[in-house]
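Per the working numbering, residue 36 is the first one in the sequence shown, and the count goes up by one each step.
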Amino acid sequence: MGRRCSWRRRALVAAGLGAALLLLLLCALRPAFENTSLGSIWLRGEKKSPLQLLYDLDQGPLSALAEVHRQRRDLLRRACSRHTRRQRLLQPEDLRHVLVDDAHGLLYCYVPKVACTNWKRVLLVLSGRARGDPRAIPAHEAHAPGRLRSLADFSPSEVNRRLRAYLAVLFVREPFERLASAYRNKLARPYSATFQRRYGARIVRRLRPGAQPEALTRGHNVRFAEFLSYLLDPRTRRDEPFNEHWERAHALCHPCRLRYDIVGKFETLAEDAAFVLGLLGAPDLRFPAPPRPRAAPARDLAARLFQDISPFYQRRLFDLYKMDFLLFNYSAPSYLRLR
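Printed below as a string of C-alpha cells:
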C-alpha cells in the first residue's frame, strides 16, 4: 500500500492545485483505497478499483496493450519534466473538462474532436443516466449541460479524494489532424451556421479586407489560411481563451499537473477504449465505432490544407501546438516544410 500511495501522492503534489487542495493530499492521513462515503461498491471494499486493477497489471507480466500504456505514462512524465517550467496554480474552472463517474471510479478529460461525443455517451450509460446502446443517445443529449458532472463541481476536499483514488483517463489525437477536423466541421460545413456566425464572421471581419456583406454576417466561407492567421493573431487569446475545439489538449487537461493513468489515442481508439472499459468492469459495453468518413480522412485533409500555407506560418503554427506534439509523442507531419 505504501508504494501505491506514494505513486499517487507524487502525481498529485505535482498537480499544483493550490494550498487549499494540497493540504488534503497526504496519503498518510488515509489510504487511497479505504472505505469512504462516495457510494461506489469498490470504495466500500467489495471489489478492486479500476486504479488498483491497473496497478496490479503493472506488477506482473504485462500484456502488449498494458505495456503500451505504461510506456505512454512514462513518456508523458518524462516530457513534462523536460519541457515544462513552473506554472500558475490550477483553479476550479481548469477542471471543467475532467468528467466524473463516481459509480466506476473514473475521471475522463474530454478533448473535442477526439471521440468525446462517444465517450460522453458511454459515461451516460455507465453512470446510469441513460440506458441501452450508447450509439442511440443523440449527440445534443450527450453534450447537454449538467448531464455529466466535472471535477469543477466539487469542493477541494472532494476533488482531491477523487484525484487520489480514481482512474484518470485522457484521449488525444495528432494535433494538426485534430485541427483540420475542427476547421472542416466547425467552419467549412453548412450545418455549423451558429458556430460560423460566432467565430467565422469574427475571422472575416478581422482578416479579410473588402469582405462581402454576406460573409461579414454569416462567416460561412472562412478559408483555412484565415483560420490559421486568426489562431496566430495575438489579439485572439488576449480577447478570450481559445475555443475548446482548437485549444491545445494540454491546456484543456493539464497532463503535467494532473496524473493520467491512461493516455489513449484516437489512432488506436478501439483498442484503448476496450482496455479502459475492461478496467471499469464493463467489458461487454461496446464503444461506438466512428462513422465511415464521407470526406477525405483527417490526415489527407490536413496535408491538403497545409500545402498552400507558407513555411513561415507552418513553423509558427507548429510552435503553437508544439507541446501537444512533445507530450503525447507525435512526430511533426511529413507534409510540413519547417526548414
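C-beta: ideal position from N, C-alpha, C; glycine also.
Bear in mind the structure is a predicted one, so any value in this text is a computation, not a measurement.
Delimiting residues of the alpha helix (DSSP H) encompassing residue i
i: Val311; result: 304 to 314
i: Phe322; result: Neither: Phe322 is in no alpha helix (DSSP H) and is coded neither H nor E.
i: Phe277; result: Premise fails: Phe277 is in no alpha helix (DSSP H) and is neither H nor E.
i: Ser227; result: Unbroken run through Ser227: none, as it is neither H nor E.
i: Val239; result: 236 to 242
i: Arg339; result: 333 to 341
i: Leu352; result: 346 to 355
i: Ala187; result: First-last for Ala187: undefined, no H or E at that position.
i: Leu251; result: 248 to 253
i: Phe363; result: Neither: Phe363 is in no alpha helix (DSSP H) and is coded neither H nor E.
i: Asp91; result: 85 to 94
i: Leu263; result: 259 to 267
i: Leu214; result: 210 to 222
i: Ala179; result: Careful: Ala179 lies outside any alpha helix (DSSP H) and carries neither H nor E.
i: His285; result: 284 to 288
Where the beta strand (DSSP E) through residue i begins and ends
i: Ile297; result: 297 to 300
i: Ala203; result: 202 to 207
Straight-line gap, residue i to residue j (C-alpha atoms, nearest Å)
i: His118; j: Ala165; result: 41 angstroms
i: Arg184; j: His139; result: 14 angstroms
i: Pro180; j: Pro96; result: 42 angstroms
i: Arg116; j: Arg108; result: Per the sequence shown, residue 116 should be read as Ser rather than Arg. Distance between the alpha carbons of Ser116 and Arg108 is about 12 angstroms.
i: Pro290; j: Gln247; result: 43 angstroms
i: Tyr365; j: Glu209; result: 6 angstroms
i: Asp335; j: Asp319; result: 34 angstroms
i: Glu261; j: Leu267; result: 10 angstroms
i: Arg16; j: Gly254; result: The displayed coordinates of the chain run from 36 to 374. Any statement about residue 16 would go beyond what the structure contains.
i: Tyr90; j: Phe189; result: 26 angstroms
i: Leu73; j: Leu124; result: In this prediction, Leu73 scores a pLDDT of 40, lower than 50, which makes its location untrustworthy; no coordinate-derived value is stated.
i: Gly167; j: His178; result: 18 angstroms
i: Tyr218; j: Arg232; result: 14 angstroms
i: Ala324; j: Ala236; result: 34 angstroms
i: Arg146; j: Leu287; result: Before going further, note that residue 146 is Val rather than Arg in the sequence given. Cα to Cα, Val146 sits roughly 7 angstroms from Leu287.
i: Ser264; j: Glu212; result: 17 angstroms
i: Ser98; j: Asn220; result: 37 angstroms
i: Arg339; j: Ser345; result: 13 angstroms
i: Arg292; j: Val133; result: 13 angstroms
i: Ser369; j: Pro191; result: 44 angstroms
i: Arg350; j: Tyr356; result: 10 angstroms
i: Asp137; j: Leu88; result: 16 angstroms
i: Lys155; j: Val311; result: 14 angstroms
i: Gln122; j: Pro276; result: 17 angstroms
i: Glu249; j: Ala174; result: 30 angstroms
i: Arg438; j: Ser84; result: Beyond the ends of the chain as shown, which are 36 and 374, falls residue 438; an answer cannot be given.
i: Glu102; j: Arg120; result: 29 angstroms
i: Lys82; j: Ala215; result: 43 angstroms
i: Arg272; j: Arg294; result: 27 angstroms
i: Phe110; j: Tyr348; result: In the sequence as presented, Phe is not what sits at residue 110; that position holds Leu. Taking the straight line joining both Cα atoms gives about 29 angstroms.
i: Gly163; j: Asp129; result: 26 angstroms
i: Arg270; j: Phe230; result: 19 angstroms
i: Ala50; j: Gly313; result: At Ala50, the pLDDT of 44 sits below 50, so the modelled position is not reliable; the number obtained from the coordinates is stated separately. One C-alpha to the other measures close to 27 angstroms.
i: Gly256; j: Leu304; result: Note that residue 256 is Asn in the sequence shown, not Gly. Going from the Cα of Asn256 to the Cα of Leu304 covers about 32 angstroms.
i: Arg327; j: Ala228; result: 23 angstroms
i: Ala171; j: Cys144; result: 22 angstroms
i: Asn278; j: Glu176; result: 20 angstroms
Residue j beta carbon less than 8 angstroms from that of residue i
i: Leu361; j: Ala114; result: yes
i: Lys148; j: His285; result: no
i: Phe322; j: Ala309; result: yes
i: Asp307; j: Ala203; result: no
i: Phe301; j: Ala150; result: yes
i: Leu142; j: Tyr226; result: no
i: Leu371; j: Phe341; result: yes
i: Leu380; j: Val194; result: The requested residue 380 is not part of the displayed model; the chain covers only 36 to 374.
i: Leu251; j: Arg240; result: yes
i: Asp93; j: Arg105; result: yes
i: Phe353; j: Ala333; result: no
i: Arg196; j: Val135; result: no
Anticipated Cβ contact below 8 angstroms, residue i with residue j, distance rounded
i: Ala242; j: Tyr234; result: Here residue 242 is Leu; the residue named in the question, Ala, does not match the sequence. No, Leu242 and Tyr234 are not in contact; Cβ-Cβ is about 12 angstroms, not under 8 angstroms.
i: Val157; j: Val298; result: Not a contact, Cβ separation roughly 18 angstroms.
i: Leu161; j: Ala317; result: 6 angstroms
i: Asp343; j: Arg283; result: At roughly 23 angstroms, the Cβ-Cβ gap does not stay under 8 angstroms, so Asp343 and Arg283 are not in contact.
i: Pro127; j: Asn153; result: About 27 angstroms separates the two Cβ atoms, so there is no contact after all.
i: Arg182; j: Leu159; result: 6 angstroms
### Query
Where are the alpha helix (DSSP H) runs, 4 residues long or more, that stay fully inside the segment 97 to 150, in chain order?
99 to 118
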